[in-house]
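Numbering-wise (this note's numbering), the sequence shown opens with residue 989 and increments by one.
Ideal Cβ placement from N, Cα and C applies to all residues, glycine included.
The structure appears right after this line, and notes come after that.
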Amino acid sequence: MSNCPSCDVCVVGGGYSGTMVCANLIRLGYCGTIVLVERGPRVARGVAYDPPNERLLLNVPVANMGAWADDPSEFHRWLIGRGREVAPGAFVSRAWYGEYLEQKLTEAVESSRGRLSIVRGEAVAYSRESDLHRVALKDGREITSRRLVLALGNLRPGPLSGVEIPGGTAWWHADPWSGAAHRACANGERVMVIGTGLTMVDVCVSLTSAGARPRITVLSRNGLLPCVHATPGFKAVSATPPELGWPLRRIVRHVRREARRVMREGGDWRAAVDCLRPMTRAIWAGLSAKDRERFVRLVRTPWDVHRHRVPAEVIAKLVELQQRKSLRIVAGRVRRAEDLGASARVTWLDRATGREESAEFDRVINCTGARTSIDASPLLGAMAAAGTVRSEEIGLGVQTDAWARAIGRDGTVSDGVWVVGPLRRGTLWESTAVPDLREQALDAAREVIGDGEEWGLGDPTARRNAGSMKNAARFLADGA
């Protein structure tokens, strides 16, 4: 087995989270050696910002997409500095943001003077020897480090429950971000997209980018599309957030009441959802395990629909497709898929009629949502087998403590292992958008360095108190 040079910190995953952990380490003056491992052909962009179609847009306005936690508007200034004059509330190409992140990484590599290096390869195995972490790559190389940061990002969707898809079929697209899945349609091409979340929206935009008129059927259990971002015309009516410590049922009732009240007063219902933003982590942390499970089972879909919104121009595109009879939205569940060679016959149970329907499709694209379960990654599986990580209680990623440290099989902290990004959803819930991830990247970098010294900390209790102080400061700042 050939080895890469050993390092002080190994960061696995070169998307936004991994890139910004490295950039923050260099910015904070870390003097150790860092290796960033990325399996894809392009570092820094990840899945989200290396779009297969240039027309795909960010879902957050440019004014709040800065990569640094202390400078949310930097991306907007970066665009203007390159002659891209856009308003602060504009939604721009994801490819532009990918360029921006590439520059952040390039600057970090240059500033590191050789301390930060990039290794291309897929991490597939793990072992531990005393305080050393060994990460094996698919090509046989091995990286040894004293500190390990897992920033694997969103893992591709899992198989359809109860539906067998034959291997090697041309019509099945398990990865909704592949170039083949996003290839523009021909006139009359029949496509089924399974799932109605944000990824489905992007896929539909790509499929119709060449102006063709395909026949797209979008199927999900609820048939609900993401809501649109706020538009001008509403009164500035604020909403009152729920109290921390309330049970899930009371929180849901409160938010619904507040949304209705805001609308009666001429305001925007989004205020009732947005007022939760500064306290979402605290609310989630205060829920019982039973309430968390109930949220995922009963509330997650309406929450995602109302919380994760898309630009008005994107929804307008979907409406246009519906009016042209190129797109239909169906609530139902796939029952089976029959391989016909170049196409498939898909049968589903229609929720509205209660009857089975079937049709033939040239392409079937899985947009059921990214996985964060440990079994979705060979590296995570190996780390779980070694006892270094364990699954969060209801399967929403890797269990961590409040400082992003991984919890091992025995329930204690795994020394020298941190987790950043969607894999922390079980601990934080909100763990996918840049405004959330940039805080995580900074906090993880500080923890890796041992930034607790600036607080005069010498024991775990003091570190916990300092974490509470920092979280309280953020809450007050966000709520101001």
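Delimiting residues of the beta strand (DSSP E) encompassing residue i
| i | result |
| --- | --- |
| leucine 1367 | Not the beta strand (DSSP E): leucine 1367 falls in the alpha helix (DSSP H), residues 1366–1373. |
| aspartate 1292 | No beta strand (DSSP E) contains aspartate 1292, which is instead part of the alpha helix (DSSP H) from 1288–1295. |
| alanine 1347 | 1344–1349 |
| arginine 1484 | With the chain running from 989 to 1468 in the structure shown, residue 1484 is simply not present. |
Under the three-state DSSP convention, the category residue i falls into
| i | result |
| --- | --- |
| valine 1000 | strand |
| isoleucine 1382 | coil |
| phenylalanine 1063 | helix |
| methionine 1180 | strand |
| arginine 1333 | strand |
| aspartate 1398 | coil |
| asparagine 1354 | strand |
| arginine 1030 | coil |
| tryptophan 1272 | helix |
| tryptophan 1165 | coil |
| alanine 1407 | This sequence places valine at residue 1407; alanine is not what is there. In the structure shown, valine 1407 sits in a strand (DSSP, three-state: E or B). |
| aspartate 1038 | coil |
Close Cβ partners of residue i (< 6 Å) along its chain, the five nearest in sequence each way excluded
| i | result |
| --- | --- |
| tryptophan 1066 | Tyr1088 |
| methionine 1180 | Thr1205, Val1334, Phe1349, Val1352 |
| valine 1377 | Met1371, Val1386, Ala1394 |
| valine 1000 | Val1025, Ala1111, Leu1138 |
| alanine 1198 | Ala1172 |
| glutamate 1442 | Residue confidence for glutamate 1442 is low, a pLDDT of 40 falling below 50, so the modelled location carries little weight; the figure read from the coordinates is stated next. Excluding residues within five positions, none has a Cβ falling inside 6 Å. |
| leucine 1368 | Ile1362 |
| tryptophan 1160 | Ile1153, Val1352 |
Contacts around residue i, its chain only, beta-carbon distance under 7 Å, and the 5 residues preceding and following it disregarded
| i | result |
| --- | --- |
| glycine 1342 | none |
| aspartate 1327 | Pro1154, Thr1157 |
| alanine 1227 | Glu1246, Val1250, Ala1259, Ala1260, Cys1263 |
| threonine 1289 | Asn1210, Leu1212 |
| proline 993 | none |
| proline 1214 | Gly1185, Leu1186, Val1189, Val1293, His1296, Arg1297, Val1298 |
Boundaries (first-last residue) of the alpha helix (DSSP H) holding residue i
| i | result |
| --- | --- |
| isoleucine 1437 | 1422–1437 |
| isoleucine 1239 | 1236–1252 |
| isoleucine 1303 | 1300–1311 |
| aspartate 1279 | 1277–1282 |
| valine 1261 | 1258–1262 |
| arginine 1413 | 1413–1416 |
Contact set for residue i: own chain, Cβ-Cβ below 8 Å, skip 5 residues either direction
| i | result |
| --- | --- |
| glutamate 1062 | Gly1054, Ala1055, Trp1056 |
| valine 1048 | Phe1079, Ala1421, Val1422, Pro1423 |
| leucine 1275 | Pro1235, Leu1236, Phe1283 |
| histidine 1064 | Val1050, Ala1051, Met1053, Gly1054, Val1074, Pro1076 |
| arginine 1238 | Pro1230 |
Near the ligand HEM: residue i beta-carbon under 7 Å from a heavy atom
| i | result |
| --- | --- |
| glutamate 1348 | As presented, the structure is devoid of all ligands, the ligand HEM included, so that no description of it is given. |
Exercise. Between the region 1298–1305 and the region 1162–1178, do at least 3 Cβ pairs fall closer than 8 Å?
Worked result: With a cut-off of 8 Å on Cβ pairs, the region 1298–1305 is not in contact with the region 1162–1178, counting fewer than three such pairs.
Exercise. So, do the region 1199–1218 and the region 1316–1323 have three or more beta carbon pairs nearer to each other than 8 Å?
Worked result: Segments in contact, yes.
Exercise. Which whole runs of the alpha helix (DSSP H) in the region 1090–1151 are 4 residues long or more, in chain order?
Worked result: Those alpha helix (DSSP H) runs which fall completely within the region 1090–1151 and span 4+ residues do not exist here.
Exercise. Quick one: any contact between the region 1012–1028 and the region 1389–1405, if contact means 3 or more CB pairs under 8 Å?
Worked result: In short, these stretches do not touch, since the Cβ pair count stays below three.
Problem set entry | Completely contained beta strand (DSSP E) runs for the region 1002–1026, where each covers 3 or more residues | Runs of the beta strand (DSSP E) lying entirely within the region 1002–1026, each at least 3 residues long, are 1022–1026 in chain order.
Exercise. Going along the chain, which unbroken runs of the alpha helix (DSSP H) with 4 or more residues stay wholly within the region 1181–1235?
Worked result: Runs of the alpha helix (DSSP H) inside the region 1181–1235: 1186–1195.
Exercise. Does the region 1127–1138 come within contact of the region 1399–1406, defined as at least 3 CB pairs closer than 8 Å?
Worked result: The answer is yes - the region 1399–1406 touches the region 1127–1138, with three or more Cβ pairs under 8 Å.
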